[in-house]
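Visitor: Below is one structure. I have some questions about it.
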Amino acid sequence: MVTRNSCLHPGDLQKLKSVDVSGLSHLADCIVFSTQGRRPSADLMSGGDLDGDIFFVTNHECKASIALDKVSRGLQQHIGKVQQNGVLGAEIYVISNRDVDSMQVLDEWLNFVDTDEILPLFEKLPMDYEISKLHATNWDNFSEEVVAVVRDQDFAHLRKLESLAELRTILDLLNDHGEKKMLFDTFSHILTLEANSSLSLDHTQAALNLLDFLPNAAYLIPAFFRSQTWRTHKSVLEDNLVHLAFTLLRQLVLLTQDMGSFIPRPIQILLQG
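This is the structure we're talking about:
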């Protein structure tokens, strides 16, 4: 029995007859195939690349004895009594695929392999990045201005906000979906509009809402306390800041693990504020 390593298909196994050719006796550790016939034997074995292929050769009679009482009756009739004659190894593959009883339950393996359940082998590490989930939001429940700002990133519509509820909805949507960069840009743009008196909302109430939002995104603290909005409305906002100070400090401390060296400066700014 001869095959090329690695054997890719049962048909790659070739049963050949060895012949002693005296003119080739000087060759060692190799096999020479005859080129006589319709197709050379080596050409019948897959996996060759003509640069020193490795072949497996054995003179052992590759036969297997099958105990018929271990297989189905239909397969017994197909094989016949082979204990004495044996079955070639290459034939076992073909015969096993004719066992109708076995084939009928093969699809049952789908109950084990076709599943969405994930059984972790080890602790799942956090991803270095996340894909935005805003695209899956049902925008039918939001106003035109909210959709324009959050979905379309059109900050011009911030000037057209009709209520403080819309302002808070925009901030909450971005925060809930982890859009830190866009939330920072939106928050900063609102501060600029308020400072330039370009916001249609009550400016004092807008400033109070921005301050009240800070515990949800403590990394916005520097932007707020360095803004003209804080300097303009400081006397009105101080009482609210007293009540929020401990919460803001706590959130900044919790952010230290994720933002490292970025946190000491916001803490300093908060204490100075």
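Everything in the sequence shown is counted per the working numbering, starting at 20 for the first residue and increasing by one.
Note that CB positions come from ideal geometry on N, CA and C, so glycine has one too.
1. Taking the DSSP output, what are the residues bridged to F75?
2. For D31, collect the residues of the same chain with a Cβ closer than 7 Å to its Cβ; drop the 5 residues on either side in sequence, then sort them by chain order.
3. Rounded to whole angstroms, what's the CA-CA distance from S229 to L153? Just pull it up for me.
4. With respect to the alpha helix (DSSP H) encompassing I50, which residues constitute its N-terminal and C-terminal limits?
5. Are the beta-carbon atoms of S207 and A242 separated by less than 7 Å?
6. State yes or no: is the C-beta of Q224 within less than 7 Å of the C-beta of L180?
7. Roughly how far, in whole angstroms, is the beta-carbon of F178 from the beta-carbon of S219, given that I think they are within contact range, below 8 Å?
8. Quick check on the burial criterion: 16 or more other C-beta atoms within 10 angstroms. Buried or exposed for S25?
9. Using beta-carbon positions only, say whether E185 and E163 come within less than 7 Å of one another.
10. Under the three-state reduction of DSSP, which class applies to Q55: helix, strand or coil?
11. Could you pull the start and end residues of the alpha helix (DSSP H) that L32 belongs to?
12. Figure out for me which residue from H28, G71, R58 and R57 has the closest Cα to the Cα of D48.
13. Could you check if T248 is buried or exposed, using at least 16 other CB atoms within 10 Å of its CB as the buried criterion?
14. For I209, is the classification buried or exposed, using 16 other Cβ atoms within 10 angstroms of its Cβ as the cut-off for buried?
15. Suppose you measure from the CA of A236 to the CA of S254; what does that come to, to the nearest Å?
16. Tell me the DSSP secondary structure of Q247 in three-state form.
17. Using the three-state DSSP reduction, which class does N215 fall into: helix, strand or coil?
18. At what residues does the alpha helix (DSSP H) containing V168 begin and finish?
19. Determine the closest residue to K199 out of V166, I73 and Y238, with distance taken between C-alpha atoms.
20. Let me check understanding here. Comparing Cα to Cα, which of L268, S53 and L27 lies closest to S37?
21. For D231 and N259, which I take to be in contact (beta-carbon distance under 8 Å), what is that distance rounded to the nearest angstrom?
22. Under 7 Å Cβ to Cβ from A167, same chain only, skipping five residues before and after it: list those, please.
23. Taking all protein chains shown into account, decide if T205 is buried (16 or more other Cβ within 10 angstroms of its Cβ) or exposed.
24. Within 10 angstroms of the Cβ of H252, are there 16 or more other Cβ atoms? Answer buried if so, exposed if not.
25. Judging by CA-CA distance, which residue of T77, D159 and Q33 is the nearest neighbour of R58?
26. Just to confirm, are L202 and L193 a CB contact at a threshold of 7 Å?
27. Near A214, what residues of its chain come up, given a Cβ to Cβ distance below 8 Å and the 5 sequence neighbours on each side ignored?
28. So, helix, strand or coil for V40, using DSSP?
Guide: Straight from the coordinates:
1. T22
2. T22, R23, M64 and S65
3. For the record, residue 229 in the displayed sequence is Leu; it is not Ser. Cα to Cα, L229 sits roughly 22 Å from L153.
4. Unbroken run through I50: none, as it is neither H nor E.
5. yes
6. no
7. The residue you asked about is not Phe; residue 178 is Arg in the sequence shown. Right, their Cβ atoms sit about 6 Å apart.
8. exposed
9. no
10. coil
11. Neither: L32 is in no alpha helix (DSSP H) and is coded neither H nor E.
12. G71
13. buried
14. buried
15. 23 Å
16. helix
17. coil
18. E163 to V169
19. Y238
20. S53
21. 7 Å
22. D173 and H176
23. buried
24. buried
25. Q33
26. yes
27. S246, Q247, T248 and T251
28. coil
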